[in-house]
């Protein structure tokens with residue numbers, strides 16, 4: 002696992018953050034955060050940038066600086082998640098981000114934190130705090146769970162699943 006603070010130059014990061022948090026950015030309701038979710042009261046808003054071997058969003062240029070900096074050979078999925086403030090740091094459910102036909106592919110996962118909150122990402126043996134402009138890189142075989150924030154109106158992250166050179 003690798004954690005990189007101040008992943009993007011400040012100007013690039015602020016533009017991305019302002020766009021994600023604007024009233025005009027298109028978020029879509031997802032009533033299920035992860036497939037095996039046990040808490041049925043959890044939900045999130047999502048925006049799919051890349052899936053099924055093609056770009057899905059007119060906002061693809063928004064994530065281009067991150068894609069370029071990660072040196073992505075082949076994206077598998079790029080998706081932004083927005084969760085809202087809750088009364089507890091509920092866990093979304095232990096998972097691996099991207100599976101193909103029931104098998105976990107060997108590839109990289111990256112989580113880019115757009116906002117700062119007390120909703121960390123948990124791994125079996127580590128915790129990564131949700132800090133704006135932080136990137137965490139790890140192998141997709143590393144099981145993890147997101148948590149909901151109790152101290153901020155929203156928690157926004159962008160998940161990247163990809164093959165690197």
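Numbering (our numbering), first residue to last: 2 to 166. Even glycine gets a Cβ: it sits at the ideal position worked out from N, Cα and C.
Can you give me the start and stop residues for the beta strand (DSSP E) that residue i sits inside?
i	result
residue 76	75-85
residue 58	From DSSP, residue 58 is part of no beta strand (DSSP E); its letter is neither H nor E.
residue 117	Per DSSP, residue 117 belongs to no beta strand (DSSP E) and is neither H nor E.
residue 146	145-147
residue 49	45-52
Considering only the alpha carbon of each residue, which of the options lies closest to residue i?
i	options	result
residue 81	124, 64, 75, 97	64
residue 138	153, 122, 13	122
residue 6	131, 162, 147, 120	131
residue 23	67, 79, 83	83
residue 109	51, 49, 160, 10	160
residue 136	68, 52, 47	68
residue 119	127, 71, 144, 154	154
residue 61	27, 126, 157	27
residue 157	55, 142, 94, 134	134
So residue i is in the alpha helix (DSSP H); what residue range does that whole segment cover?
i	result
residue 62	61-71
residue 15	11-21
Assuming residue i contacts residue j under a Cβ cut-off of 8 Å, what Cβ separation, rounded to an integer in Å, is found between them?
i	j	result
residue 74	residue 166	5 Å
residue 111	residue 71	6 Å
residue 151	residue 87	6 Å
residue 125	residue 144	6 Å
In or out: residue i buried (at least 16 other Cβ within 10 Å) or exposed?
i	result
residue 164	exposed
residue 3	exposed
residue 8	buried
residue 30	exposed
Say the cut is 7 Å; is the CB of residue i nearer than that to a heavy atom of the ligand ZN?
i	result
residue 98	For the structure depicted, the ligand ZN is absent and the ligand set is empty, with no information on it obtainable.
Counting Cβ pairs, one atom from each stretch, are 3 or more of them under 8 Å apart for the region 107-125 and the region 10-27?
Short answer: they touch.
Does the region 145-162 touch the region 86-102, meaning 3 or more C-beta pairs lie closer than 8 Å?
yes
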